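Structure record follows, encoded as structure tokens.
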Amino acid sequence: MNRHTPSPHTVREQLSNGLDRFSLGLQRRLEVDLRALAAFRIAVGALILVDLLLRSRELGKFYTDAGVLPREALFADYSSVYSLHAVSGEAWAQALLFLVAGAFALAMAVGYRTRTATAVSWLLLISLHARNPVVINGGDMLLRMLCFWGMFLPLGERWSVDARRIDRERSTVASVATMALLLQVLLMYVTNAVHKTRSDVWMNGEALVHIFQADHLTILLGNVLADQFELLRAFTRVWMALILLSPLLVLLTGYRRAMLATLFVGMHLGMLVTLRIDLFPLIVVAGLLVFYPSVVWDDATALTDRFGVADNCRRGLAKLQHLVPTLPVPTLPVAVGRAAPSLSSLRARSRVAFGTVIPWLFLVLVVLSNAEAVDYTEVPDPADQVLETAEADQSWRMFAPEPTSTAKWLVVPGELADGTTVDARDGTAVDWDRPPSVEDTYATSRDRKYVINMRYAGNENHRSYYANYLCGRWNRSHDTELESLTLYGLTDKAGPSDDEPDVARYELLEYDCSGELVQNE
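In terms of full-length UniProt numbering, the numbers along the sequence shown are unbroken and rise by one, the last being 521.
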């Protein structure tokens, strides 16, 4: 019996080897290549710039006191508003903040003072989003979270201006922050998958057939695919299979992980050319970049070297590093008589708190927020307040559980002082028929998001705010004043197989342009 009983030393050795293998396997799954982080940084910085440019088209409408949500309404309807963009309601102040945000986003993209640029970009993002919550979409939520986790990552160690003063040989990094970034993307898919599994339309493969009938959502290739029911059913099943298999994004390694990530990238690029959902597909693609392992970046580097692209990029980066001034890194002054080690230990503790404790805390909170979104638990009130303040609460209900299936638009007949009736949105004659393209009734995807949210929001005050905006806009630009208007929401209730539209008309609000701001009764 004793011959077959392992000695304590052997047991300890086997246990140690097992723990080493587990630790190595965990590290392989949670580490991120520094080149992937660099590509991620460039993508996120560029997307913030594009987002600012797109929003600037409707800056006055969504972010000033002359728009759809004046600060008077914002402060009345939202108990706590932490937004630098709410300090002033003037267009020039918003434009200035947009320019500042653009400058920091550019600094982030090129990797100049990367951590500072990332932190300021995140702060300005949550400030912008808090200024008008009605126009926020899933892409905005993900973008600010990618930016948040980026603050705790070495985004500037490769392909950056900052790389000129970084002397490290490592090619990958594994930390709480890399785990959080990977899990953030995974949580988006898993939470959305749980929502979708509770829907018969998604589970029976009919979801995309219904979604592509919502003409206000489809663009480009989406308008062509709208009648291809069998193809849409196939895409529905493929997408459901992918998001249900999304945990493999973390569990797999090497080329298998890269192949799965590429499938997700392909599906999101497909969304980009079929659905009017703003920058969401590209923001997710930016998040997926960190799932590509070192072997892929090694192959990409070899390929760019073969075609001479890498040399041109290196020369361009070297010129940029030479042109951008090197500013001294601020340091804390050492008091006379104070031992230097105490200052070093203070800095070390600060780095641990910033790089480990805060990411761990928020990772737990984010997991709880996603669990609450699918009714698995409830977030305690203090934690919920932290999530709301940091704009880190999440739900990921994109097209779930019940997807949009009907085309929706507005008709706003308004009465002018001379008795004429016009559509107060664009000054044209009032038309109750279904537009040839419902998509064209919205100026931008942000405009569509606002109108849909305004129409169905539990807070009906938003209907008055929108009506007040239409009155003010008209009266500032026309000699004949708009005296009153009526908001109507129209919906084409025809099913996918119906040849003729079935338009339903819903009166949302009658509004007197000379009356009180809120007129819900």
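Note that the Cβ used here is the ideal one computed from N, Cα and C, for glycine as well. All values derive from a computational prediction rather than experimental measurement.
Could you compute how far the alpha carbon of residue i sits from the alpha carbon of residue j?
i, j, result
"V238", "S484", "50 Å"
"Q385", "D65", "27 Å"
"L508", "G489", "7 Å"
"D227", "W409", "21 Å"
"A163", "E157", "5 Å"
"T274", "F229", "15 Å"
"L69", "E31", "43 Å"
"M454", "Y466", "8 Å"
"K196", "N132", "28 Å"
"V190", "M240", "11 Å"
"P8", "Q14", "10 Å"
"S199", "E402", "6 Å"
"A373", "G308", "49 Å"
"A392", "L244", "24 Å"
"L96", "R144", "20 Å"
"S433", "P501", "Before going further, note that residue 433 is Asp rather than Ser in the sequence given. Approximately 9 Å, taken between the alpha carbons."
"Q394", "S369", "6 Å"
Please return the same chain residues whose Cβ sits closer than 6 Å to the Cβ of residue i, not counting the five positions on each side in sequence.
i, result
"L128", "H85"
"F104", "A117, V120, S121"
"V11", "none"
"V336", "Its pLDDT being 47, under 50, V336 is placed unreliably by the model, and the measurement read from it follows with that caveat. Counting only Cβ-Cβ distances below 6 Å, and skipping sequence neighbours, we find nothing."
Any idea if residue i is buried or exposed, counting beta-carbon neighbours within 10 angstroms, 16 or more meaning buried?
i, result
"E169", "exposed"
"H478", "exposed"
"R314", "exposed"
"I452", "buried"
"A504", "exposed"
"W92", "exposed"
"V224", "exposed"
"K61", "buried"
"Y82", "exposed"
"L332", "No answer about L332 holds up, because its pLDDT of 45 lies below 50 and its placement is not dependable."
"Y63", "buried"
"G45", "buried"
On the DSSP bridge assignment, give the partners of residue i in chain order.
i, result
"K408", "T491"
"D423", "P413"
"S484", "E415, D512"
"L275", "T218"
"D33", "T172"
In the DSSP assignment, find the unbroken beta strand (DSSP E) run with residue i in it and report its ends.
i, result
"L508", "503-512"
"P413", "413-416"
Among the residues of its own chain, which have a CB less than 7 Å from the CB of residue i, if the five just before and after it don't count?
i, result
"G205", "R233, T236, R237"
"A43", "A286, L289"
"L482", "G414, L416, A424, C471, W474, N475, C513"
"L220", "V273, T274"
Give the range of the alpha helix (DSSP H) segment to which residue i is assigned.
i, result
"T197", "176-197"
"N223", "221-225"
"H9", "8-30"
"E169", "Note, E169: premise wrong, no alpha helix (DSSP H); not H, not E."
"H129", "114-131"
"A286", "280-288"
"V451", "445-456"
"N461", "461-477"
"S369", "358-373"
"Q385", "381-389"
"S88", "No alpha helix (DSSP H) holds S88; DSSP gives it neither H nor E."
"T301", "294-306"
"L142", "138-150"
"L249", "248-251"
Near residue i, what residues of its chain come up, given a Cβ to Cβ distance below 8 Å and the 5 sequence neighbours on each side ignored?
i, result
"L49", "G102, A105, L106, A109"
"T420", "T480"
"M271", "I277, F280, P281"
Does any heavy atom of the ligand MG sit closer than 8 Å to the C-beta of residue i?
i, result
"R425", "What this structure holds is no ligand at all, so the ligand MG is not there to describe."
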